[in-house]
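> Count the sequence shown with the working numbering and you get residues 1 to 81, in order. Even glycine gets a Cβ: it sits at the ideal position worked out from N, Cα and C. I have a structure here, written as structure tokens, and I will follow up with some questions on it.
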Amino acid sequence: MRIVKLLGGAAWAGSWYLMYLEITRWHHVKPSLAFNPGPPIRGTNIRPHVGGPLILLYVACVAAPLLTAAAAGVEVRSRRA
Numbered sequence: 001m002r003i004v005k006l007l008g009g010a011a012w013a014g015s016w017y018l019m020y021l022e023i024t025r026w027h028h029v030k031p032s033l034a035f036n037p038g039p040p041i042r043g044t045n046i047r048p049h050v051g052g053p054l055i056l057l058y059v060a061c062v063a064a065p066l067l068t069a070a071a072a073g074v075e076v077r078s079r080r081a
């Protein structure tokens, strides 16, 4: 469980750092965490859409804290028993 907690904590910190970069530097995401599509490609009506890496980042931002908290809870329960 210690390794799971460590990996979950690293994924948690890394995902929130990447989300910070998405909001402040790359501007793909608004501060409300909504996708911020850019203008259409010049000469077409094609609009940008959310890609796989950004969807994975959203999932990691939610799943990593839950995984870390669950691993910590299991560790606390195992110490008590």
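Whole angstroms are fine: how far does the CA of residue 77 sit from the CA of residue 16?
About 28 Å.
> Taking its Cβ as the centre, do 16 or more other Cβ atoms sit within 10 Å of residue 27, making it buried, or is it exposed?
Looking at its Cβ environment, which holds fewer than 16 other Cβ atoms inside 10 Å, residue 27 is exposed.
> Could you please give the first and the last residue of the uninterrupted alpha helix (DSSP H) stretch that includes residue 53?
From DSSP, the alpha helix (DSSP H) with residue 53 extends over 52 to 80.
> Hey, how far is the Cα of residue 13 from the Cα of residue 68?
Taking the straight line from one Cα to the other gives about 11 Å.
> Taking the C-alpha atoms as reference points, what is the distance between residue 5 and residue 74?
Whole-angstrom Cα-Cα distance: 10 Å.
> Considering Cα atoms alone, identify which of 65, 43, 35 is closest to residue 8.
Nearest C-alpha to residue 8: 65.
> Suppose the cutoff is 7 Å on Cβ atoms and the five residues either side in sequence are ignored; what does the same chain contact list for residue 60 look like?
Here the set comprises 11, 15.
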